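In the numbering used here, the protein residues as written are 306 to 535. Beta carbons: idealized from backbone N, C-alpha and C, even for Gly. For clarity, every value in this text was computed on a predicted model and none was experimentally measured.
1) Quick check on this structure: which residue in 390, 409 and 400 has the alpha carbon closest to the alpha carbon of residue 358?
2) Can you find the residues in the same chain that come closer than 7 Å, C-beta to C-beta, to residue 374, ignoring five residues on each side of it along the sequence?
3) According to DSSP, which residues form a beta bridge with residue 400?
4) With DSSP as the reference, please indicate the residues paired to residue 516 in a beta bridge.
5) Skipping 5 residues on each side, what residues in its chain have a beta carbon closer than 7 Å to that of residue 537?
6) Assuming residue 485 is part of the beta strand (DSSP E), what are its boundary residues?
7) If we count the other Cβ atoms within 10 Å of its Cβ and call it buried at 16 or more, is residue 406 buried or exposed?
8) Taking the continuous beta strand (DSSP E) assigned at residue 347, which residues delimit it?
9) Since residue 362 sits in a beta bridge, which residues does DSSP pair it with?
10) How would you label residue 518, buried or exposed, when you count the other beta carbons within 10 angstroms and need 16 or more for buried?
11) Do you know offhand how far residue 397's Cα is from residue 512's?
12) Going by beta-carbon coordinates alone, are residue 465 and residue 434 separated by less than 7 Å?
13) If you drop the 5 nearest sequence neighbours on each side, which residues of the same chain put their C-beta closer than 6 Å to that of residue 440?
14) For residue 501, count the other beta carbons within 10 Å of its own beta carbon; 16 or more makes it buried, fewer makes it exposed. Which is it?
15) Looking only at its own chain, which residues have a Cβ that is under 8 Å from the Cβ of residue 531, when we skip the five neighbours before and after it?
16) Can you grab the Cα-Cα spacing for the pair residue 488 / residue 505, in whole Å?
17) What first and last residue would you give for the beta strand (DSSP E) that runs through residue 316?
18) State yes or no: is the C-beta of residue 370 within less than 7 Å of the C-beta of residue 389?
19) Under DSSP, the beta strand (DSSP E) around residue 460 begins and ends at which residues?
20) Please classify residue 329: does DSSP put it in a helix, a strand, or coil?
21) Just mark residue 437 as buried or exposed, buried being the case when its beta carbon has 16 or more other beta carbons within 10 Å.
22) Can you pull the DSSP bridge partners for residue 597?
And the structure:
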């Protein structure tokens, strides 16, 4: 959320809608709705930065990304992909990242123009049999948290999502990555391991290149964590 703009996704049975507010949520206006009766429609994710809004929807077997460049007044479909699961989206300025899983493999797209066009990265570690669980971008620094079998990893990008590199982070016995958050050159990841249900926090101060253990919480699952590095 930046300024007074808010985006809100609503799911209601097989139908869904996206609303926006330009007055801190005092009132909301319908941006777009999908109501097709028996065909499943749902809002999967939303993101906002200033007057730019992004919405990820599932429409039947397809995943669509729409963007609005005028605080929610008008919307356009910018990306359509079939049979994606685990969709995540993040927006910072004009840079945006989108991750998902396609047929068991990782799926990454990035945008440098507020979600109007989406590009395939030039360089990534292997995407085969990879679960890309969480994504965050701050300026041109992007971070992705994912897993292969039960081992967690973090990839980082310093150019808005075109080139991705594996960081020094490695965590075995991971059951879920709860969240990843980038702010400036700082990063924070929250994971839950299969060892006594331990929740663990790691942080980075160099754009996700290296990671340090912040704390662990035995017999505790972390639902989410957020970072403000200003």
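Taking the geometry as given:
1) By 1-based counting over the chain shown, the position of residue 358 is 53. Comparing Cα positions, the closest option is 400.
2) Along the chain shown, read from residue 1 onward, the residue named residue 374 stands at position 69. For residue 374, where only same-chain residues beyond five positions count, the Cβ hits under 7 Å are 356, 357 and 419.
3) Numbered from 1 along the chain shown, position 95 holds the residue referred to as residue 400. In the DSSP output, where bridge partners are listed per residue, residue 400 has 397.
4) Stepping through the chain shown from its first residue, residue 516 is reached at position 211. Partner(s): none; residue 516 has no beta bridge.
5) There is simply no residue 537 to check, as the chain begins at 306 and stops at 535 in what is shown.
6) Stepping through the chain shown from its first residue, residue 485 is reached at position 180. 479-488 is the extent of the beta strand (DSSP E) around residue 485.
7) As a first step, residue 406 is located in the chain shown; it is residue number 101 there, counting from the start. Result: buried.
8) Residue mapping note: residue 347 aligns to position 42 of the chain shown, counting from 1. Taken as a continuous stretch (DSSP letters only), the beta strand (DSSP E) holding residue 347 covers 346-354.
9) Translated into positions along the chain shown, residue 362 becomes position 57. According to DSSP, residue 362 bridges with 348 and 369.
10) Stepping through the chain shown from its first residue, residue 518 is reached at position 213. Exposed is the call here.
11) Counting from one through the chain shown, the residue named residue 397 turns up at place 92. Counting from one through the chain shown, the residue named residue 512 turns up at place 207. Near 15 Å, if we compare the C-alpha coordinates of residue 512 and residue 397.
12) Taking the chain shown and counting its residues from 1, the one referred to as residue 465 is at position 160. Taking the chain shown and counting its residues from 1, the one referred to as residue 434 is at position 129. Pairing residue 465 with residue 434 gives a Cβ-Cβ distance that is not under 7 Å.
13) Here residue 440 refers to the residue found at position 135 of the chain shown. So the qualifying residues of the chain are 393, 395, 402, 404 and 449.
14) The count along the chain shown starts at 1 and reaches residue 501 at position 196. Answer is exposed; the Cβ neighbour count stays below 16.
15) In the chain shown, residue 531 corresponds to position 226, counting from 1. Hits under 8 Å: 484, 486 and 493.
16) For the purposes of this step, residue 488 is taken as residue 183 along the chain shown, with counting starting at 1. For the purposes of this step, residue 505 is taken as residue 200 along the chain shown, with counting starting at 1. Computed Cα separation, rounded: 19 Å.
17) On the chain shown, residue 316 is found 11 positions in, with the first residue counted as 1. Segment 311-317, the beta strand (DSSP E) holding residue 316.
18) On the chain shown, residue 370 is found 65 positions in, with the first residue counted as 1. On the chain shown, residue 389 is found 84 positions in, with the first residue counted as 1. Cβ distance not < 7 Å, so residue 370 and residue 389 don't count as in contact.
19) Position 155 of the chain shown, counted from the start, is the residue given in the question as residue 460. Start and end: 456-462.
20) By 1-based counting over the chain shown, the position of residue 329 is 24. Three-state DSSP puts residue 329 in coil, outside helix and strand.
21) What you label residue 437 is simply residue 132 of the chain shown in a count that begins at 1. So residue 437 counts as buried.
22) Nothing can be reported for residue 597, as the shown portion of the chain is limited to 306 through 535.
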